[in-house]
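Down below is the structure, laid out as structure tokens.
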Amino acid sequence: MKNKFNYITIILILIFTIFSSPILKAGEINKLNYQILESYQHDPQAFTQGLEIYNNYLYEGTGLYGRSSLRKVKIESGQVLKQINLNQEYFGEGITILNDKIYQLTWKKNTAFVYDLNLNLIKTFNYQGQGWGLTNNGQHLIMSNGSEFITFRDPETFESIKKIEVKNGDQNMKNINELEYHNGFIYANIWQTDYIIKINAQTGKVLAYLNLSGILKTDYTGEIDVLNGIAYDPEKDNFLITGKLWPKIYRIKIIK
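In the numbering used here, the protein residues as written are 1284 to 1539.
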């Protein structure tokens, strides 16, 4: 009986520790504000995993087994211009576009797909561990795997070049998900939260955060999942953000 009590006590302590630990020590870093500029229709069946703007079109990677896809979308109308579906064994993850090639990760199959801009498959790569978010800095692919580490990869070989550890002071930032690179910084969704953090791409240091809690305003009554998806628009110098199964995409301006 005593041993059973001890086991229960240990489990309760572990549960309390996990759920009482802050996801983000927000008081230690700068808070960013935002302004909603516009909103657009978004396919509420799209389980958004990757988002990228390229040549004024929106490219989107979606997840879930049997529903994963890669899409080319008109931003203003939400119209899907072209779509390919992944084999049912793959759970699609982050995407990015570099040198006119689209790269798409998969969650647990250790496989990355490479397409041309017409969504024709060119080749595949293999990697170790899970695939979550993906972006690029114009030279390297930048990939998350759900941990506190972000990996820079060679776009020609997919080999790891270097890793950075994402830290907010002494806090390791885990659950790094969808990524977007802009002007020396990585903007990252934190899975299962409404936070986007701004990371120094050289050091991994978290510099600021954006709290998007409550941004989704709609009378839509269908299923809605977490915030996920951030894409920088170089033509308008602002960002598009959305979430998994969200009926809306928002164009926002980030304010210091």
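For each residue, glycine too, the CB sits at the ideal point set by N, CA and C.
{"query": "Closer than 7 Å by C-beta to Phe1513: which residues in its own chain qualify, once you throw out the five before and the five after it? Chain order, please.", "result": "First, the amino acid is wrong: residue 1513 is Ile here, not Phe. Same-chain partners within the cutoff: Leu1334, Glu1461, Glu1463, Tyr1470, Asn1472, Ile1479, Phe1522, Ile1524."}
{"query": "Return the CA-CA distance between His1325 and Lys1536, expressed in angstroms with no decimal places.", "result": "19 Å"}
{"query": "Which runs of the beta strand (DSSP E) at least 3 residues long sit entirely within the segment 1358 to 1401? Give them in chain order.", "result": "1363 to 1368, 1375 to 1381, 1384 to 1389, 1394 to 1398"}
{"query": "Determine the closest residue to Asn1428 out of Glu1439, Thr1440, Lys1446, Asp1437, with distance taken between C-alpha atoms.", "result": "Lys1446"}
{"query": "Cβ of Lys1391 within 7 Å of Cβ of Val1397?", "result": "no"}
{"query": "Cβ atoms of Glu1439 and Gly1487: under 7 Å apart, would you say?", "result": "no"}
{"query": "In angstroms with no decimal places, state the Cα-to-Cα distance between Thr1292 and Asn1403.", "result": "Low per-residue confidence applies at Thr1292: pLDDT is 46, beneath 50, and the placement is therefore not dependable enough to give any value."}
{"query": "Let me check one thing: in DSSP terms, what residues is Gly1526 bridge-paired to?", "result": "Leu1510"}
{"query": "Leu1320 lies in the beta strand (DSSP E); which residues open and close that run?", "result": "1313 to 1324"}
{"query": "Report yes if the CB atom of Glu1359 is closer than 7 Å to the CB atom of Tyr1410, and no otherwise.", "result": "no"}
{"query": "Among Gly1346, Leu1320, Tyr1337, which has the Cα closest to the Cα of Phe1330?", "result": "Gly1346"}
{"query": "Tell me the residue span of the beta strand (DSSP E) that contains Ile1479.", "result": "1478 to 1483"}
{"query": "Report buried or exposed for Gly1497, applying the criterion of at least 16 other Cβ atoms within 10 angstroms of its Cβ.", "result": "exposed"}
{"query": "Check for me: the beta strand (DSSP E) holding His1423 runs from which residue to which?", "result": "Segment: none, His1423 is in no beta strand (DSSP E) and carries neither H nor E."}
{"query": "Quick one: what's got a C-beta closer than 6 Å to Asn1316's C-beta in the same chain, skipping five residues either side?", "result": "Ile1538"}
{"query": "Closest to Trp1529 by C-alpha separation, out of Gln1328, Lys1308, Ile1306, would be which residue?", "result": "Gln1328"}
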